[in-house]
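What the sequence shown shows, in my numbering, is residues 7 to 103, in sequence order.
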Amino acid sequence: MTDWIIKEHPIFWKDLDKLERKELEIFYKKKVKIKENPLRQKHLAGGANCYREPITENIRLIYYIEGNIIWLLTIGKHKGVYEEYLKRLYSLRKKLR
C-alpha cells in the first residue's frame, strides 16, 4: 500500500480563500478520501496523471499524481478550474525539473 503525501500548488491557497465555509468543509472531507485512494476518480484528458474530484455540483478540485505525491493544483467553479489546471500543471512540472 502506498503512503500518499499531499502537497499544494503555490497558488492553491488563494483558491481556497474564494470558497464558502460549507465548500471548505466538503473539501477537507474529500481530501481525506483522496489521500486514501487518489485513483478512484475520473482521469482528465490533456494532463497525464491528473484527476478531478467533485466538491459540489459546480465546484471541482483538480489534482496531479507524481510518484507517491498528490499535488492539489486548483479548486473552483467548474468552467474556470479546467482552464486553469493545465497552466498550473505545466508550471509545477517546470519547477520540479
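Glycine included, each C-beta is placed from N, C-alpha and C at the ideal position.
Alpha-carbon spacing of Leu-92 relative to Gly-53, whole angstroms: 7 angstroms
Neighbourhood of Glu-14 by C-beta, 8 angstroms cutoff - its chain only, sequence neighbours within 5 removed: Trp-77, Leu-78
Let me check understanding here. Comparing Cα to Cα, which of Pro-44, Pro-16, Gly-82 lies closest to Ile-75? Pro-44
Secondary structure at Glu-63, three-state DSSP: helix, strand or coil? coil
Any alpha helix (DSSP H) of 4 or more consecutive residues that is wholly inside the region 19–65: 27–42
Give the single residue among His-84, Gly-73, Lys-48 whose Cα lies nearest to the Cα of Arg-99. Gly-73
Quick check: the Cα distance between Arg-27 and Lys-35, rounded to an integer number of angstroms? 13 angstroms
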